[in-house]
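**Student:**
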Amino acid sequence: MNANFDSLFSHPLDLSWVITAVIAIAAFLSPVAVALINNHHAYKMKKLEFCHEENMKKLSLSHEAAQKQFEIYYADKKTAFSEVLRSAGNFTASKQSLERYQNVHSAVDTALLFCDSQNQKTLISFMDKIDNEVFGSGSSREERTMYSSLIASLGCELNKELTSTKQIVERE
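The opening position of the sequence shown corresponds to residue 147 in this note's numbering, with each subsequent residue numbered one higher.
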C-alpha cells in the first residue's frame, strides 16, 4: 500500500494542467465578480440620483412657495398703499365726514404693517397732521393745496418703498 501511495505522488506534477484549471476558474468567476461590482455601483448611483431628484423637488417647491409668498406680500402692500391714497383723496372732498376720517385712519393703520420705519414715521406724521390741522377744518385754497401736496409726497414715498420691494426681473 505504501508502494501505491508512493507511485501516485512520485510522478512529477504537470503545471500546465494546474495553470489551465486556474485560468478556467478565473474565467468563470471574473464575470460574476464584475457583475456584482457593477450592480452594487449602479445601485449606489441610482440611490444618489433619487436623493438628488428629491432634493431638487424640495428646492423647487421651496422656491415656488417663497415666490408665491412674496407675490402675495407685494400685492397686499400695494393694496394697502393704494387704499391710503384713495381714502386720503376721498377725505379731501369732505374734511368734516367722520366716516371718511375713519377710513383714512383705518387705511393708514393697515399700511403701517407693511412700511419700513422711515415710511411709518411719514404715515404717523401724516395722520398727526390730519388729526391736528385738517379734520373738521374748512376748505380754503391754501389748505387744499397743502393737503394735496401732502398726499402727493406721501404717495411718492410709498411708491419708492413699493418699488424697492418688487423683485428685479433680469432679461437675457
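We put the beta carbon where it would ideally sit given N, CA and C, even for glycine. Please read all numbers here as calculations on a predicted model, not as lab measurements.
Determine the extent of the alpha helix (DSSP H) in which Q215 is found, giving its start and end residues.
**Tutor:** First-last of the alpha helix (DSSP H) with Q215: 161 to 239.
**Student:** Secondary structure at D274, three-state DSSP: helix, strand or coil?
**Tutor:** Looking at D274 - three-state DSSP - the assignment turns out to be helix.
**Student:** Taking the alpha-carbon positions, what's the K192 to V180 distance?
**Tutor:** So the two alpha carbons sit approximately 18 Å from each other.
**Student:** Which of the three DSSP states is assigned to L259 in this structure?
**Tutor:** Coil, per DSSP.
**Student:** With a threshold of 16 other CB atoms inside 10 Å of the CB of A253, please say whether the residue is buried or exposed.
**Tutor:** Under this definition A253 is a buried residue.
**Student:** Pairs of beta-carbons, one from the region 237 to 252 and one from the region 210 to 218, closer than 8 Å: are there three or more?
**Tutor:** No, the region 237 to 252 does not touch the region 210 to 218.
**Student:** Which term fits Y189, buried or exposed, when burial requires 16 or more other beta carbons within 10 angstroms of its beta carbon?
**Tutor:** With fewer than 16 Cβ atoms within 10 Å of its Cβ, Y189 is classed as exposed.
**Student:** Tell me whether the beta-carbon of N249 lies closer than 9 Å to the beta-carbon of L304.
**Tutor:** Not a contact, by the Cβ cut-off of 9 Å.
**Student:** Quick one: grab the DSSP three-state call for S294.
**Tutor:** In the structure shown, S294 sits in a helix (DSSP, three-state: H, G or I).
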